[in-house]
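In the numbering used here, the protein residues as written are 69 to 573.
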């Protein structure tokens, strides 16, 4: 189903008031200027004359507007057409098309009308037939596209509203346009590129042994999208969100390069201080018995799964959230939540701790000296930070969200996230010493996953909502220490505890 067909079905839901026409916005500015007693000297009227609303509109009634603008090719005035509209199951966008009548220069672009999202987005599409090449795509100016089996990566450039086939066709046209010049300079390179173009076309024609083809769309700004078809198999389309790195924050314009360099300098100073003053090995308190963990099944099958309606954070349509309270023996009750949107395919799952907020925070330290420790269950809440000094791993509060997994699962997720989203995307621009430090870090982390390295896991949770399995329960664990500590005034303020009034009348 195309965007236009889907948009017609959703016209009544979306309504015509999503965007205000540019002309009306100018009028509002002019009225506000008059109300405030500010004279615009005729400039406002001149700007209003430049904006024209045409008779054309999209399926949802949003008008197409025109404005005179400068051609960057011949420096004469051309016409830019603007359509401020909504993509069904996605969000608001601005479609722009420029044409110069003097030199014939044309250009088109799409930009998000939404703010930069809190997290980046990564879409994966398994192309299994010719229809999948017609999937519509919103590619923002920050997004990169990758075709895994073809070993092709399209770098970030202008925003586009296109299809999978359109991306490949545009790439082929760019390569073919320079082929005559290449043949005259380097015939061997010309032949190799010609073979590559034939290979891409064979995939586009779905010839035998060419499908499935994996297409990855990665956008640090979170404003890109691949068309989702409700009811399709889960393996075919997936969407994941991730926290941006400092380098990606620079790319999307959240921080400057100077701020990035300052952060790097502070981290290097911190590592240097840590190397000069290595931390002492963690002392084990064998008498600590105030923390017990699970020795029995954690599932309580007497509790039913509760389902309720929520608004999808991706497409703003109604979807279902499934929630189930689970009692972890020797710890506390936790709530497992899962959300799946049938409209846009958004999926999320998280774990939250139940019960009252303890009076003190909690620090848990586990010394892992046996490969079997990797299979221990671990509950990391959103408020918990995790540090593994021997592996140079530090997970801040909020990173990875709430997770109920194993220690091996946490380490593997850290490895995969850093390797795929940081190292693989920036390794080409790294200097050799930095690249070697990354490789040494991954080698050490892999050795830990293989059970060849002994290390300490330190979890600090101001809300005491995190837990590591005690395999000796109900007896104390000789390799684990539990310390309760007083929260700082700043921590109480950050979590809103100073504003809570629980006094009973």
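Backbone N, C-alpha and C define an ideal beta-carbon position, used for all residues, glycine too. These figures come from a predicted structure and were not determined experimentally.
Locate the beta strand (DSSP E) running through residue i, then write down its first and last residues.
i: residue 258; result: Taken as a continuous stretch (DSSP letters only), residue 258 belongs to no beta strand (DSSP E), being part of the alpha helix (DSSP H) at 255-272.
i: residue 245; result: It is not in any beta strand (DSSP E) - residue 245 instead sits in the alpha helix (DSSP H) that spans 232-245.
i: residue 477; result: Run containing residue 477: none in the beta strand (DSSP E); it sits in the alpha helix (DSSP H), 475-486.
i: residue 552; result: 548-553
i: residue 221; result: 220-222
i: residue 419; result: 415-421
i: residue 215; result: 212-215
i: residue 207; result: 204-207
Closer than 6 Å by C-beta to residue i: which residues in its own chain qualify, once you throw out the five before and the five after it? Chain order, please.
i: residue 565; result: none
i: residue 447; result: 472, 534 and 535
i: residue 144; result: 170
i: residue 107; result: Since pLDDT at residue 107 reaches only 44, below the 50 mark, its modelled position is unreliable, and the value read off the structure follows with that caveat. So no residue of the chain qualifies.
i: residue 407; result: 389 and 416
Kindly identify the DSSP beta-bridge partner or partners of residue i.
i: residue 519; result: For residue 519, which the question treats as bridged, DSSP gives no partner whatsoever.
i: residue 145; result: 138
i: residue 395; result: 401
i: residue 176; result: 165
i: residue 124; result: Its beta-bridge partners do not exist; DSSP assigns none.
i: residue 310; result: 188
i: residue 524; result: 435
i: residue 506; result: Its beta-bridge partners do not exist; DSSP assigns none.
i: residue 160; result: 154
i: residue 490; result: In DSSP, residue 490 forms no bridge with anything.
i: residue 472; result: 447
i: residue 457; result: Partner(s): none; residue 457 has no beta bridge.
i: residue 429; result: 553
i: residue 497; result: Paired residue(s): none; residue 497 is not in a bridge.
i: residue 323; result: According to DSSP, residue 323 bridges with nothing at all.
i: residue 386; result: 379
i: residue 229; result: 206
i: residue 292; result: BP columns for residue 292 are empty, so no partner.
i: residue 297; result: In DSSP, residue 297 forms no bridge with anything.
i: residue 407; result: 389 and 416
i: residue 462; result: 455
i: residue 285; result: 191 and 213
i: residue 133; result: 121 and 150
i: residue 529; result: 430
Is the beta carbon of residue j closer than 9 Å to that of residue i?
i: residue 209; j: residue 299; result: no
i: residue 253; j: residue 235; result: no
i: residue 284; j: residue 193; result: yes
i: residue 229; j: residue 205; result: yes
i: residue 466; j: residue 311; result: yes
i: residue 453; j: residue 509; result: no
i: residue 376; j: residue 281; result: no
i: residue 341; j: residue 434; result: no
i: residue 438; j: residue 519; result: yes
i: residue 474; j: residue 528; result: no
i: residue 479; j: residue 517; result: yes
i: residue 148; j: residue 135; result: yes
i: residue 287; j: residue 190; result: yes
i: residue 483; j: residue 522; result: no
i: residue 530; j: residue 559; result: yes
i: residue 563; j: residue 451; result: yes
Note down, in chain order, each residue of its chain lying with its Cβ closer than 7 Å to the Cβ of residue i, except the 5 sequence neighbours on either side.
i: residue 89; result: Confidence at residue 89 is low in this model, with a pLDDT of 45, below 50, so the placement of that residue should be treated as unreliable; the coordinate-derived value is given next. The answer, listed in chain order, is 121, 131 and 133.
i: residue 151; result: 126, 130, 132 and 163
i: residue 102; result: Legend: pLDDT at residue 102 = 48, less than 50; position of this residue unreliable, no value from coordinates given.
i: residue 203; result: 193, 231, 232, 294 and 295
i: residue 444; result: 474, 475, 536, 537 and 539
i: residue 413; result: 296, 305 and 307
i: residue 502; result: none
In chain order, what residues of the same chain have a beta carbon less than 8 Å from the beta carbon of residue i, not counting five sequence neighbours either side?
i: residue 428; result: 532, 552, 553, 554 and 555
i: residue 336; result: none
i: residue 187; result: 290, 309, 310, 311 and 312
i: residue 123; result: none
i: residue 603; result: Nothing about residue 603 can be read from this structure; the chain reaches only from 69 to 573.
i: residue 325; result: 318
Just reading off the alpha helix (DSSP H) that residue i is part of, what are its end residues?
i: residue 277; result: No alpha helix (DSSP H) contains residue 277, which DSSP labels as neither H nor E.
i: residue 374; result: No alpha helix (DSSP H) contains residue 374, which is instead part of the beta strand (DSSP E) from 374-379.
i: residue 557; result: 557-562
Check the C-beta distance from residue i over to residue j and give it rounded, since I have them as a contact under 8 Å.
i: residue 173; j: residue 141; result: 4 Å
i: residue 261; j: residue 240; result: Rounded, the Cβ-Cβ distance is 10 Å, inconsistent with contact.
i: residue 419; j: residue 477; result: Between residue 477 and residue 419 the Cβ distance is about 13 Å, and since that is not below 8 Å, they are no contact.
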